[in-house]
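K.L.:
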Amino acid sequence: MDILKLTLWELRELLKKKEISCVEVVSSLLEKINSEDKEIHSYLFVNEKAVEEAKKVDEKIAKGEELKELEGIPISIKDNMCTIGMPTTCASKILYNFIPPYDATAVKKLKENGAIMIGKTNMDEFAFGSSTENSAFGPTKNPFDKTRVPGGSSGGSAAATSADLCFASLGSDTGGSIRQPAAFCGVVGMKPTYGRVSRYGLIAFASSLDQIGPITKSVRDCAILMNIISGKDEMDSTSVNLEVPDYTEFMREELNGIRVGIPEEYFISGIEKEVKEKVENVIKIVEKIGGKIEKISLPHTQYGIASYYIIATAEASSNLARFDGVKYGYRTENYRNLMEMYMKTRGEGFGEEVKRRIILGTYVLSAGYYEAYYLKGQKVRTLIKKDFLDAFEKVDVILTPTTPELPFKLGEKKKDPLAMYLSDIFTVNVNLAGLPSISIPGGFSSSNLPVGIQIIAPHFKEERIFEVASAIEFALNGRRK
Ligand code: GLN
Numbered sequence: 010m011d012i013l014k015l016t017l018w019e020l021r022e023l024l025k026k027k028e029i030s031c032v033e034v035v036s037s038l039l040e041k042i043n044s045e046d047k048e049i050h051s052y053l054f055v056n057e058k059a060v061e062e063a064k065k066v067d068e069k070i071a072k073g074e075e076l077k078e079l080e081g082i083p084i085s086i087k088d089n090m091c092t093i094g095m096p097t098t099c100a101s102k103i104l105y106n107f108i109p110p111y112d113a114t115a116v117k118k119l120k121e122n123g124a125i126m127i128g129k130t131n132m133d134e135f136a137f138g139s140s141t142e143n144s145a146f147g148p149t150k151n152p153f154d155k156t157r158v159p160g161g162s163s164g165g166s167a168a169a170t171s172a173d174l175c176f177a178s179l180g181s182d183t184g185g186s187i188r189q190p191a192a193f194c195g196v197v198g199m200k201p202t203y204g205r206v207s208r209y210g211l212i213a214f215a216s217s218l219d220q221i222g223p224i225t226k227s228v229r230d231c232a233i234l235m236n237i238i239s240g241k242d243e244m245d246s247t248s249v250n251l252e253v254p255d256y257t258e259f260m261r262e263e264l265n266g267i268r269v270g271i272p273e274e275y276f277i278s279g280i281e282k283e284v285k286e287k288v289e290n291v292i293k294i295v296e297k298i299g300g301k302i303e304k305i306s307l308p309h310t311q312y313g314i315a316s317y318y319i320i321a322t323a324e325a326s327s328n329l330a331r332f333d334g335v336k337y338g339y340r341t342e343n344y345r346n347l348m349e350m351y352m353k354t355r356g357e358g359f360g361e362e363v364k365r366r367i368i369l370g371t372y373v374l375s376a377g378y379y380e381a382y383y384l385k386g387q388k389v390r391t392l393i394k395k396d397f398l399d400a401f402e403k404v405d406v407i408l409t410p411t412t413p414e415l416p417f418k419l420g421e422k423k424k425d426p427l428a429m430y431l432s433d434i435f436t437v438n439v440n441l442a443g444l445p446s447i448s449i450p451g452g453f454s455s456s457n458l459p460v461g462i463q464i465i466a467p468h469f470k471e472e473r474i475f476e477v478a479s480a481i482e483f484a485l486n487g488r489r490k
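Residue numbers (the working numbering): 10 to 490.
Given below as structure tokens:
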């Protein structure tokens, strides 16, 4: 048995039954990371002290003490979530030496439940991107084909989970950054409803869109992590005080009349043939296992990218004002006065895409353009949200491809930001509307590249997503337990 191939749930069962030693798991994981991650580069920081924690878990097991939900399970964290004592760089030179004095709430909850923090994963700088090529520390590669990108911005988390370099990971999703890399790397990734999971300690990109969520090897693993990270947090006033159901109770094998909406706008001409074929295959499977397929329309879909890139850059330009060389991180060496220190620090510390977004965001917020761009963007956002709410009068969930394309080649879109932005065409609208959504593996192309299926549900109805996602997973490959 290759213990590193186990799902989180499987590992947990073996640990509980004392059939496996935690030290054995963690040491072989660190060994694998040290040998294989040189090439994949999914980690920016690896916690070599994890073995010490594993020893304590084994002692607990030996004494017959009860293990917590995630006790002894190595989990990685995207490098934009604060972790006490571990670097948190956002894959940016401007934060290259930042070590936070506190944990993000989601991280804290994992630790309280016994998880072992195995390391921090690579990402696009400040989560701006769809390929992880915008990392200041070099790109991550797709484990299925190392000449291709893993998607982004949570590309490190998705690649690490896919290559069995961790048992699960936390990512963040502002416009698709959990789901798109999950699709490209053949793993499961969920963006929860806005407000479901605390954003405290997540370094902000666009605060009205950002959500933390799990990236896992199976749907059940995703449910296990959602149970833990969801819920109201005093430290984030946008987190919502609603009961969190036990999501693991929603694992299904059939769909008993659940109405699944297929939006015509998501099968546009630009979609790659093999992606379309795989999604159509899954739609047939959904029908076979008892789902009711309904054609629906989300008429404002095509305005999503434009609206998203106005709102997201506006918020980002304001959020990134805090990186000025005074409070934390990088500071330029030679300067004559305060203004020059600010300018040189930001000029040298930020990468090209970050600067592009700050300029764009500042522009759309400036006097004279605010109404024309930012306000217009917000109005379109309302229309997009209304499209979804109307559709959910008729259907229980919506099923779409996660991305219009297969994982693309490293370098293919790096010089063409617009082409890169279009990669999120099927995911950004979900963030604009604040809805929950998942990407699950939906099969492979003829060249053995994974295709992702996206399932979207109404606000705070993550359990519906779990029903449909687990049933499809089971029908496709017999669910991993
Ligand atoms: N790719 C999108 C962007 O670059 C989404 C990023 C994200 O979700 N963090 O903005």
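Beta carbons: idealized from backbone N, C-alpha and C, even for Gly. Note that the structure is a prediction, hence the values are computed from the model and not measured.
Residue range of the alpha helix (DSSP H) that Arg-268 falls in?
P.N.:
Position 259 of the sequence shown, counted from the start, is the residue given in the question as residue 268. That residue, Arg-268, is in no alpha helix (DSSP H); its beta strand (DSSP E) goes 268 to 272.
K.L.:
By a C-beta neighbour count over all protein chains shown, 10 Å radius and 16 as the cutoff for buried, is Asn-131 buried or exposed?
P.N.:
Within the sequence shown, residue 131 is the residue found at index 122, counting from 1. By the 10 Å Cβ count, Asn-131 comes out buried.
K.L.:
Comparing alpha-carbon positions, which option in Thr-436, Pro-148, Leu-384 lies nearest Ala-191?
P.N.:
In the sequence shown, the residue the question calls residue 191 occupies position 182. Of Thr-436, Pro-148, Leu-384, the residue nearest in Cα terms is Thr-436.
K.L.:
Whose C-alpha, out of Lys-129, Lys-120, Cys-31, Ser-44, is nearest the C-alpha of Asn-56?
P.N.:
Along the sequence shown, one-based indexing puts residue 56 at 47. When each option's Cα is compared against that of Asn-56, the closest is Lys-129.
K.L.:
Among residues of its own chain, excluding the 5 on either side of Ala-466, which ones have a beta-carbon nearer than 6 Å to its beta-carbon?
P.N.:
By one-based count along the sequence shown, residue 466 stands at place 457. Within the same chain, Ala-466 has close Cβ partners Val-406, Pro-445, Arg-473, Ile-474.
K.L.:
Could you tell me which whole beta strand (DSSP E) segments of length 3 or greater appear in the segment 280 to 366?
P.N.:
List check, beta strand (DSSP E) in window: 301 to 305.
K.L.:
According to DSSP, which residues form a beta bridge with Ile-221?
P.N.:
Taking the sequence shown and counting its residues from 1, one reaches residue 221 at position 212. DSSP output for Ile-221 lists Ser-181 as bridge partner(s).
K.L.:
Less than 8 Å between the beta carbons of Glu-19 and Val-228, yes or no?
P.N.:
In the sequence shown, the residue the question calls residue 19 occupies position 10. In the sequence shown, the residue the question calls residue 228 occupies position 219. No; because the gap between Cβ atoms is not below 8 Å, this pair is not in contact.
K.L.:
Distance, Cα to Cα, Pro-110 vs Ile-93?
P.N.:
The residue given as residue 110 occupies position 101 in the sequence shown. The residue given as residue 93 occupies position 84 in the sequence shown. The straight-line gap from Cα to Cα measures roughly 5 Å.
K.L.:
Taking the C-alpha atoms as reference points, what is the distance between Phe-176 and Glu-142?
P.N.:
Counted from its first residue, the sequence shown places residue 176 at position 167. Counted from its first residue, the sequence shown places residue 142 at position 133. Approximately 24 Å, taken between the alpha carbons.
K.L.:
Can you give me the C-alpha to C-alpha distance between Val-373 and Ala-442, rounded to a whole angstrom?
P.N.:
Position 364 of the sequence shown, counting from 1, holds the residue named residue 373. Position 433 of the sequence shown, counting from 1, holds the residue named residue 442. The straight-line gap from Cα to Cα measures roughly 21 Å.
K.L.:
Taking 7 Å as the limit between beta carbons, can you name the residues of its chain near Asn-438, skipping five residues before and five after?
P.N.:
Within the sequence shown, numbered from 1, the residue matching residue 438 stands at position 429. The residues are Thr-310, Gly-313, Ile-393.
K.L.:
Is Ala-192 near ligand 1, going by C-beta to nearest heavy atom under 7 Å?
P.N.:
Counting from 1 along the sequence shown, the entry for residue 192 is found at position 183. No, ligand 1 has no heavy atom inside 7 Å of this Cβ.
K.L.:
Return yes when the Cβ of Val-116 is within less than 8 Å of the Cβ of Ile-86, no when it is not.
P.N.:
Sequence index remark: in the sequence shown, residue 86 carries index 77 (1-based). Sequence index remark: in the sequence shown, residue 116 carries index 107 (1-based). Contact flag set, yes.
K.L.:
What I want to know is whether the C-beta of Phe-176 ends up closer than 7 Å to one or more non-hydrogen atoms of ligand 1.
P.N.:
As a position in the sequence shown, residue 176 is number 167, starting the count at 1. No, Cβ of Phe-176 sits at least 7 Å from all heavy atoms of ligand 1.
K.L.:
On the CB-based measure, 16 or more other CB atoms within 10 Å of its CB, does Gly-377 come out buried or exposed?
P.N.:
Position 368 of the sequence shown holds residue 377. Its Cβ having fewer than 16 others within 10 Å, Gly-377 is exposed.
K.L.:
List the DSSP bridge partners of Gln-463.
P.N.:
Position 454 of the sequence shown holds residue 463. Answer by DSSP bridge pairing, in chain order: Thr-409, Ser-448.
K.L.:
I need the straight-line Cα distance from Val-206 to Arg-345, nearest angstrom please.
P.N.:
If you number the sequence shown from 1, residue 206 lands on position 197. If you number the sequence shown from 1, residue 345 lands on position 336. Approximately 44 Å, taken between the alpha carbons.
K.L.:
Which first and last residues belong to the alpha helix (DSSP H) in which Pro-83 is found?
P.N.:
Within the sequence shown, the letter at position 74 stands for residue 83. That residue, Pro-83, is in no alpha helix (DSSP H); its beta strand (DSSP E) goes 83 to 87.
K.L.:
Taking Ile-42 as part of the alpha helix (DSSP H), name the residues at either end of that continuous run.
P.N.:
For the purposes of this step, residue 42 is taken as residue 33 along the sequence shown, with counting starting at 1. Segment 31 to 49, the alpha helix (DSSP H) holding Ile-42.
K.L.:
From Thr-371 to Gly-356, what distance separates their C-alpha atoms?
P.N.:
The residue you call residue 371 lines up with position 362 of the sequence shown. The residue you call residue 356 lines up with position 347 of the sequence shown. Approximately 16 Å, taken between the alpha carbons.
K.L.:
Answer yes or no: the CB of Ser-217 versus the heavy atoms of ligand 1, is any distance below 7 Å?
P.N.:
The residue given as residue 217 occupies position 208 in the sequence shown. False, no ligand heavy atom lies under 7 Å from that Cβ.
K.L.:
I'd like to check one pair, Thr-183 with Asn-440: are the Cβ atoms closer than 8 Å?
P.N.:
Taking the sequence shown and counting its residues from 1, the one referred to as residue 440 is at position 431. Taking the sequence shown and counting its residues from 1, the one referred to as residue 183 is at position 174. The answer is yes: Cβ separation under 8 Å.
K.L.:
Which residues share a DSSP beta bridge with Val-206?
P.N.:
Position 197 of the sequence shown, counted from the start, is the residue given in the question as residue 206. According to DSSP, which records beta bridges pairwise, Val-206 is partnered with Ser-239.
K.L.:
How many Å lie between Ala-321 and Lys-388 at the Cα?
P.N.:
Walking along the sequence shown from the start, residue 321 turns up at place 312. Walking along the sequence shown from the start, residue 388 turns up at place 379. Rounded to whole angstroms, Ala-321 to Lys-388 spans 14 Å at the Cα level.
K.L.:
Ligand 1 and Phe-137: does any heavy atom of the ligand fall closer than 7 Å to the residue's C-beta?
P.N.:
By 1-based counting over the sequence shown, the position of residue 137 is 128. Yes, the Cβ of Phe-137 comes within 7 Å of a heavy atom of ligand 1.
K.L.:
Less than 7 Å between C-beta atoms, sequence neighbours within five positions excluded: which residues of the same chain meet that for Glu-136?
P.N.:
Against the sequence shown, residue 136 aligns to sequence position 127. The sequence given here places Ala at residue 136; Glu does not occur at that position. Result list for Ala-136: Asn-89, Ser-162, Ser-181, Thr-183, Ser-186, Phe-214, in chain order.
K.L.:
Give me the residue from Gly-195, Ser-166, Arg-188, Leu-38 with the minimum Cα distance to Thr-411.
P.N.:
Residue 411 sits at position 402 when you count from the first residue of the sequence shown. Minimum Cα distance to Thr-411 is reached at Arg-188.
K.L.:
Do the segment 287 to 300 and the segment 250 to 270 make contact, defined as three or more Cβ pairs closer than 8 Å?
P.N.:
In short, these stretches touch, since the Cβ pair count reaches three.
K.L.:
By Cβ distance, which residues of its chain are closer than 8 Å to Ala-315, with the 5 residues on each side in sequence left out?
P.N.:
Taking the first residue of the sequence shown as position 1, residue 315 is located at position 306. Here the set comprises Gly-386, Val-389.
K.L.:
Mind the definition here: the segment 96 to 105 touches the segment 332 to 340 only if three or more C-beta pairs lie below 8 Å; say whether that holds.
P.N.:
Output reads yes: the segment 332 to 340 touches the segment 96 to 105.
K.L.:
DSSP three-state label for Met-132, please.
P.N.:
Counting from one through the sequence shown, the residue named residue 132 turns up at place 123. Coil.
K.L.:
Output yes or no for whether 8 Å exceeds the beta carbon distance between Phe-2 and Thr-202.
P.N.:
Not covered by the structure: residue 2. The range shown for the chain is 10 to 490.
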